[in-house]
Amino acid sequence: MQTTFSLAQLANPDIAEADKILRACVHCGFCTATCPTYVLLGDERDSPRGRIYLIKEMLEQDRPATKDVVTHIDRCLSCLSCMTTCPSGVHYMHLVDQARAHIEHTYRRPLFDRLMREFLANVLPYPRRLRFAMLAAALARPLAPVLSLIGLKPLAAALRLAPHRAPGAATEPGAHQAEGPRRARVGVLGGCANEALMPSITQSAIRVLNRHGVEAVVTPDAGCCGSLEHHMGREAGAFAKARANVDAWTREIEGQGLDAILVTLSGCGTTMKDYGFMLRNDPAYAAKAAKVSSLTRDVSEYLATLGITSAAPRPLTVAYHSACSLQHGQKVHREPKNLLAACGFTVKEVPEAHLCCGSAGTYNILQPEIAARLRDRKIGNIVSIAPDVIAAGNIGCIAQIASGTAIPVVHPVELIDWATGGPMPESLKERIGA
3 MQTTFSLAQL ANPDIAEADK ILRACVHCGF CTATCPTYVL LGDERDSPRG
53 RIYLIKEMLE QDRPATKDVV THIDRCLSCL SCMTTCPSGV HYMHLVDQAR
103 AHIEHTYRRP LFDRLMREFL ANVLPYPRRL RFAMLAAALA RPLAPVLSLI
153 GLKPLAAALR LAPHRAPGAA TEPGAHQAEG PRRARVGVLG GCANEALMPS
203 ITQSAIRVLN RHGVEAVVTP DAGCCGSLEH HMGREAGAFA KARANVDAWT
253 REIEGQGLDA ILVTLSGCGT TMKDYGFMLR NDPAYAAKAA KVSSLTRDVS
303 EYLATLGITS AAPRPLTVAY HSACSLQHGQ KVHREPKNLL AACGFTVKEV
353 PEAHLCCGSA GTYNILQPEI AARLRDRKIG NIVSIAPDVI AAGNIGCIAQ
403 IASGTAIPVV HPVELIDWAT GGPMPESLKE RIGA
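Just so you know, we're using this note's numbering here: the sequence shown kicks off at 3 and counts up by one.
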């Protein structure tokens, strides 16, 4: 793709990066076939190729974002399926992130949209606030239909997504010692929404690691990874959280050392693996961020190296939902399925596995109608393979899919923990009994 940025514009490292990405695009359109919003809406502007044109024009002309551009960029899930499909290696993720930051700086959203985004940015990344908000949502859930009728659909969607059961106790910070001789020492990200919604995921991961000779360190200084604000274009908050996490993990690396930093939330993992790029222009953090990114692994990537098997195989059929941030963002797809199969589960992949479930961070709140259509399409594909349980490697996917089906939805590490001596996941107890 030909670009016309001026030399003055190209002196900006972000514009120089955008120019490089844009020039890689050859207009082939392969991305349209795998883009969820284009598949649903059939509008070229709601495809990666169409959005690339909109972003190119906006950045080249260095003009404020228009309502039309914002509409189509907001509809992008950042599922990154286009990056898996693209034969030219167009790094759409970095381009759309830059577009969102430009929108945040140059476009004034309607009042309710601004308030909703402020609420999300100031509640979701903070576990205590989120737990309180979930309690309030449980009480207000009956109001969801009324809120939808009066046009407050994002607020209604947030109420409907709130879990029906109270979360368990928060994960204990500190070092969780390995059983037997220590094979390795790893960091485990507790995160934010994960700790508020399903701390059992982190705790399952720790038990599996300890059981296989790995010391797992949960540092309280490592909180939200910054991805939620990053995908809303709020760079200042996102970068501040990234720097705080880099500092926290650097202290562990320079202290007793870490062999890896493990993440059980694939959305967070994709962002942490990108810290080196995000902070590349910060001389105080560039090297440290690159080091943290190089050590970051999805929990399934790391567990796949430990030779995990089950002494008591579990004869259940598992529908494996491959979270977009894992299969497209991190190119991790095979490891979770292989681990589940090694533990005795019958693993079936969901048809149209490349299409997003509609969660996408805050997307299912900010774009509830498209998100609901994608969720229902995903659940229809899941039901077609008649599973006993659904496994998904991201808390957002778990909440999104669980909001539309009675089939239990768990994280793969919870099933691996159960198969190797840990407790049965709570949602499974309700379905098949203790």
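The C-beta atom is built at its ideal place from N, Cα and C for all residues, glycine as well.
- Message: Quick check on this structure: which residue in Cys-27, Ala-224, Gly-423 and Asp-76 has the alpha carbon closest to the alpha carbon of Ala-373?
- Response: Asp-76
- For Val-220, which residues does DSSP report across the bridge? Paired residues: Gly-176.
- Task: List the DSSP bridge partners of Asp-300.
- Result: In DSSP, Asp-300 forms a bridge with Val-265.
- What three-state label does DSSP hand Glu-351 in the structure shown? Reduced to three states, the DSSP call for Glu-351 is strand.
- Query: Of all the options Ser-80, Val-92 and Asp-45, which has the alpha carbon lying nearest to the alpha carbon of Ala-26?
  - Reply: Val-92
- Query: Roughly how many angstroms lie between the CA atoms of Val-248 and Phe-7, to the nearest whole one?
  - Reply: Approximately 33 Å, taken between the alpha carbons.
- Between the C-alpha atoms of Thr-173 and Ile-152, what's the straight-line distance to the nearest angstrom? 40 Å
- For Thr-319, which three-state DSSP category applies? strand
- Own chain, CB closer than 6 Å to Val-294, minus 5 neighbours either side, in chain order: Taken in chain order, the residues that qualify are Val-248, Trp-251 and Tyr-277.
- Query: Can you name the residues that DSSP bridges to Ala-393?
  - Reply: Tyr-322 and Val-412
- Leu-357: buried (16+ other C-beta within 10 angstroms of its C-beta) or exposed? buried
- Query: To the nearest angstrom, how far is it from the Cα of Arg-437 to the Cα of Ala-160?
  - Reply: Residue 437 cannot be examined here, being either before or after the span of the chain that is shown, 3 to 436.
- Alpha carbon to alpha carbon, what distance is there between Pro-414 and Pro-425? 13 Å
- Item | For Ser-229 and Cys-270, the rounded distance between their alpha carbons | 6 Å
- For Arg-236, count neighbouring C-beta atoms within 10 Å of its own C-beta (all shown protein chains included) and say buried if the count is 16 or more, exposed if not. buried
- Message: At the level of alpha carbons, what is the spacing between Ala-195 and Gln-179?
- Response: Cα to Cα, the separation comes out at about 25 Å.
- Task: Please work out which residues of its chain come closer than 6 Å, Cβ to Cβ, to Thr-348, disregarding the five sequence neighbours upstream and downstream, and give them in chain order.
- Result: Within the same chain, Thr-348 has close Cβ partners Thr-319.
- Looking at the structure shown, is Leu-28 part of a helix, part of a strand, or coil, going by DSSP? As written in the sequence, residue 28 is Val, which differs from the Leu given in the question. Val-28: coil per DSSP, three-state reduction.
- Item | Continuous beta strand (DSSP E) stretch holding Arg-187: start and end | Start and end: 186 to 190.
- Selected residue, minimal CA-CA separation from Leu-119, among Pro-410, Asn-396, Asn-366 and Thr-5: Here the sequence assigns Arg to residue 119, which means Leu is not the residue at that position. Minimum Cα distance to Arg-119 is reached at Asn-366.
- Query: What are the start and end residues of the alpha helix (DSSP H) that includes Glu-256?
  - Reply: 237 to 256
- Report the three-state DSSP secondary structure of Gln-402 (helix, strand or coil). For Gln-402, the secondary structure class from DSSP, reduced to helix, strand or coil, is helix.
- How big is the Cα-Cα spacing for Ile-203 and Arg-253? 25 Å
- Message: Quick check: the Cα distance between Lys-333 and Asp-70, rounded to an integer number of angstroms?
- Response: Cα to Cα, the separation comes out at about 32 Å.
- Message: Measuring CB atoms only, is the segment 132 to 141 touching the segment 96 to 109, in the sense that at least three cross pairs come out at less than 8 Å?
- Response: no
- Determine, using beta carbons only, whether Ala-321 and Ile-384 come nearer to each other than 7 Å. Yes, the Cβ-Cβ distance between Ala-321 and Ile-384 is below 7 Å.
- Item | CA nearest to the CA of Thr-36, picked from Ala-246, Pro-147 and Cys-78 | The candidate whose alpha carbon is nearest that of Thr-36 is Cys-78.
- Message: Does the structure place the segment 260 to 274 close enough to the segment 291 to 309 that three or more beta carbon pairs sit under 8 Å?
- Response: yes
- Item | Contact belief for Ile-403 with Ile-381 at Cβ below 8 Å, rounded distance in angstroms | 6 Å
- Do Ser-324 and Cys-345 come within 7 Å of each other at the CB atom, strictly closer than that value? no
- Query: Taking all protein chains shown into account, do 16 or more other C-beta atoms lie within 10 angstroms of the C-beta of Ala-436, making it buried, or fewer, making it exposed?
  - Reply: At Ala-436 the pLDDT is 49, less than 50, meaning the model places this residue with poor confidence; the figure from the coordinates comes in the next sentence. It counts as exposed.
- Item | Cβ pair Val-412, Ala-388 closer than 7 Å | no
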